[in-house]
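Student: When we follow my numbering, the leftmost residue of the sequence shown carries the number 212, and every step to the right adds one.
This is the structure, below, for whatever I ask next.
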Amino acid sequence: MWNSTSSNATAVTKTPVRSYTVQYQHNGSDDDDIVEVSVRKPEVRLDGLSKQTAYEFHVFAVSDVGRSLSSASTIVTTTASRAGQDDTLFSVICQ
């Protein structure tokens, strides 16, 4: 989980955070396959992820100074669908 008080975000977060950038890709895929999503709130809901697939996530804080260094990578594996659920949706919350 990315934390806005971590040392890699200190330089950027001395000024107000304006947005967050979430990068993700299939775990182990080439850098050409990175998807980048920018959001104003510290969370994003991703749609259309593949079921039972491992994804690698990185989060950046963005302020008037620029973009922070990346968070440590987090690897998450989506689950198989259950009746009435869409497991291709995934929420990322930045704290």
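Backbone N, C-alpha and C define an ideal beta-carbon position, used for all residues, glycine too.
Quick caveat, the model's predicted, so the values are computed rather than measured.
First and last residue of the beta strand (DSSP E) that includes Ala291?
Tutor: Position 80 of the sequence shown, counted from the start, is the residue given in the question as residue 291. Run containing Ala291: none; DSSP gives neither H nor E here.
Student: Would the region 239-246 count as touching the region 271-291 if we require 3 or more Cβ pairs under 8 Å?
Tutor: No contact exists between the region 239-246 and the region 271-291.
Student: Could you check which residue in Pro253, Val287, Val250 has the C-alpha nearest to that of Lys262?
Tutor: For the purposes of this step, residue 262 is taken as residue 51 along the sequence shown, with counting starting at 1. It is Val287.
Student: What does the alpha-carbon distance come out to for the pair Ala236 and Tyr266?
Tutor: The residue labelled residue 236 in the question sits at position 25 within the sequence shown. The residue labelled residue 266 in the question sits at position 55 within the sequence shown. The sequence shown places Gln at residue 236, rather than the Ala named in the question. Answer to the nearest angstrom: the Cα atoms are 5 Å apart.
Student: If you count every other CB in all the chains shown that lies within 10 Å of the CB of Ala316, and 16 or more means buried, which is it?
Tutor: Residue numbering for the chain in the displayed model covers 212 to 306; residue 316 lies beyond these limits and cannot be assessed.
Student: Cα separation between Val276 and Pro227?
Tutor: If you number the sequence shown from 1, residue 276 lands on position 65. If you number the sequence shown from 1, residue 227 lands on position 16. In a straight line, the C-alpha of Val276 is about 9 Å away from that of Pro227.
Student: Under DSSP, the beta strand (DSSP E) around Gln234 begins and ends at which residues?
Tutor: In the sequence shown, counting from the first residue as 1, residue 234 sits at position 23. Note, Gln234: beta strand (DSSP E), 230-237.
Student: Note down, in chain order, each residue of its chain lying with its Cβ closer than 8 Å to the Cβ of Glu247, except the 5 sequence neighbours on either side.
Tutor: Working through the sequence shown from its first residue, we reach residue 247 at position 36. So the list reads Thr232, Val233, Gln234, once near-sequence residues are dropped.
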